[in-house]
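Trainee: Residue numbers (the working numbering): 19 to 180.
Yeah, the Cβ is synthetic: ideal placement off N, Cα and C, and Gly gets one too.
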């Protein structure tokens, strides 16, 4: 799947979505944050995931080619990370909607988590469709992504100190 000319890596986008969900679920000061601070809490783990993937790819590429990377190779590694930033779009959209409708951060957190769950269901549906699944099997594939999202939320609820 391509968005704005960028090939999406379903594995990495799914991973980044789960990381954001886990961070937001575990973050205890969410309701006290200003809008810009909440946006930073959403974007920070995505940037960390981008940097981690870029760094690990650069290390791998250097070891594989046994020489310094060319500018084109550095750029290719950077381009492969850009789509990960899309994982920040759904939670940021919910934050903006919450801000426009005067909802507090505490009220938007459940919507952000639900958006993450739906994003995982969508990504799973895309993968299932690409695998040729149709009908009830496609629905089951999408539901598997939703179940992963629900599991992330449930784990954070159970493990979060109250």
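Check residue 50 in the structure and name its three-state DSSP category.
Mentor: Residue state, collapsed to three classes: helix.
Trainee: Contact between the region 165 to 173 and the region 131 to 146: three or more CB pairs below 8 Å?
Mentor: These segments touch.
Trainee: Span of the alpha helix (DSSP H) holding residue 33?
Mentor: Per DSSP, residue 33 belongs to the alpha helix (DSSP H) from 28 to 44.
Trainee: May I ask which residues mark the beginning and end of the alpha helix (DSSP H) holding residue 117?
Mentor: From DSSP, the alpha helix (DSSP H) with residue 117 extends over 107 to 118.
Trainee: Out of 97, 32, 44, point me to the one whose CA is closest to residue 176's CA.
Mentor: Measuring from the Cα of residue 176, the nearest candidate turns out to be 44.
Trainee: Taking the alpha-carbon of residue 36 as reference, which of 112, 118, 132, 80 has the nearest alpha-carbon?
Mentor: Residue 132 is the option with its Cα nearest to residue 36.
Trainee: On the criterion of 16 or more Cβ atoms from any shown chain inside 10 Å, does residue 118 qualify as buried, or is it exposed?
Mentor: With fewer than 16 other Cβ atoms within 10 Å, it is exposed.
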